[in-house]
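Undergrad:
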Amino acid sequence: MDEVKPATPAVPSTPGARVSPAQDQAAAANAVRQMFSSIAPRYDLLNHVLSLNVDRYWWWRTARRFRHILRRADASVLDLCCGTGDMTFALYRQGGSSGASIVGADFAHPMLCRATQKGAGFPLQWVEADALQMPFADARFNLVTSAFGFRNLANYDAGLSEIHRVLAPQGEVAILDFGEPRGLLGKLYRFYFRRVLPAIGSMLSGTRGPYAYLPASVARFPQPPEMLSRMRAAGFREVNYTPYTFGVAGVFWGRK
Ligand SMILES: C[S@@+](CC[C@H](N)C(=O)[O-])C[C@H]1O[C@@H](n2cnc3c(N)ncnc32)[C@H](O)[C@@H]1O
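Read the sequence shown against my numbering and you will find it ends at 498, with the numbers running on by one and no gaps.
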């Protein structure tokens, strides 16, 4: 499918994730952290069931795109909002035994605990950190990825600017997240995403909140042209968007 090129219009006021509408930024971030902490034990199972295992393909396809970085022994890579680590492992696999340094970071302790358990024996580092205030030096990383995590940040522009700060010059960012396909597939997808998925997710997780939040957060997330404008405003260049699986997901890419 064709890449979407960035739009030129002015960037509107700053959006970010909200679990409920009246929350300020701090309350929203807290609610997101609690929500992911509460579903951590069943997160992987639910992910694979609800995505019909396509999530594995999306992580692999995204990681594969960065072999030119991952296969360098001196490369430093951050997987932000790593959750239980599946994107981080996909990055590691594409690097082979290159020796690239790969860090997974997340602010939900139980999600990171799962990542640590799953990653026992892998030469990966796990850091508990807030994406809006990262404990990393300027220009430390050559690549920052975020899979299905960036959408949950309480302030997207602040998130982009933090990612830009920790990237080295020429460093690359890849933000993988859900999209909203158009046409007949879009209708079917919206029915699945807004009706079927929350019902199954709530039943399997025993809690309703996260799986009602998911479609709402995707609907709130900036459309590709707006997101690309925000990336450019944060200092990224050559930005583009590549849809995956008829636009059900896609990757925003940019270079510092
Ligand atoms: C949907 S999960 C994605 C996990 C993983 N990347 C994957 O692809 O399965 C979103 C993750 O983003 C994390 N997250 C959300 N906001 C964050 C923030 N401000 N700082 C760090 N992690 C955050 C959550 O804790 C959660 O683990």
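Backbone N, C-alpha and C fix where the C-beta goes; we use that ideal spot for every residue, glycine too.
Cβ atoms of residue 464 and residue 398: under 8 Å apart, would you say?
TA: Residue 398 sits at position 156 when you count from the first residue of the sequence shown. Residue 464 sits at position 222 when you count from the first residue of the sequence shown. Yes, the pair counts as a contact, with Cβ atoms nearer than the cut-off.
Undergrad: Taking 8 Å as the cut-off, decide whether the C-beta atoms of residue 334 and residue 385 are in contact.
TA: Counting from 1 along the sequence shown, the entry for residue 334 is found at position 92. Counting from 1 along the sequence shown, the entry for residue 385 is found at position 143. Cβ atoms of residue 334 and residue 385: not closer than 8 Å.
Undergrad: Quick check on residue 490: does DSSP put it in helix, strand or coil?
TA: As a working mapping, residue 490 is identified with position 248 in the sequence shown. In the structure shown, residue 490 sits in coil (DSSP, three-state: anything other than H, G, I, E or B).
Undergrad: For residue 372, tell me which candidate among 473, 315, 268, 332 has the shortest Cα-Cα distance.
TA: Looking up residue 372 in the sequence shown gives position 130. Answer by Cα proximity: 268.
Undergrad: With DSSP as the reference, label residue 261 as helix, strand or coil.
TA: Residue numbering aside, residue 261 sits at position 19 when the sequence shown is read from its first letter. Coil at residue 261, not helix or strand.
Undergrad: Is it buried or exposed for residue 498, if we count other Cβ within 10 angstroms and need 16 for buried?
TA: For the purposes of this step, residue 498 is taken as residue 256 along the sequence shown, with counting starting at 1. Buried, since its Cβ has 16 or more Cβ neighbours within 10 Å.
Undergrad: Alpha carbon to alpha carbon, how far is residue 472 from residue 319? Give it in angstroms, no decimals.
TA: Numbered from its first residue, the sequence shown carries residue 319 at position 77. Numbered from its first residue, the sequence shown carries residue 472 at position 230. Cα to Cα, the separation comes out at about 23 Å.
Undergrad: Taking Cβ to Cβ, would you say residue 416 is nearer than 8 Å to residue 300?
TA: Sequence index remark: in the sequence shown, residue 416 carries index 174 (1-based). Sequence index remark: in the sequence shown, residue 300 carries index 58 (1-based). Their beta carbons are not under 8 Å apart, which means residue 416 does not touch residue 300 by this criterion.
Undergrad: My output table needs one value for residue 295: the three-state DSSP class, helix, strand or coil.
TA: Walking along the sequence shown from the start, residue 295 turns up at place 53. Coil, per DSSP.
Undergrad: Could you name the residues that DSSP lists as bridge partners for residue 358?
TA: Reading the sequence shown from its first residue, position 116 is the one you call residue 358. Answer by DSSP bridge pairing: none, since residue 358 is not bridged.
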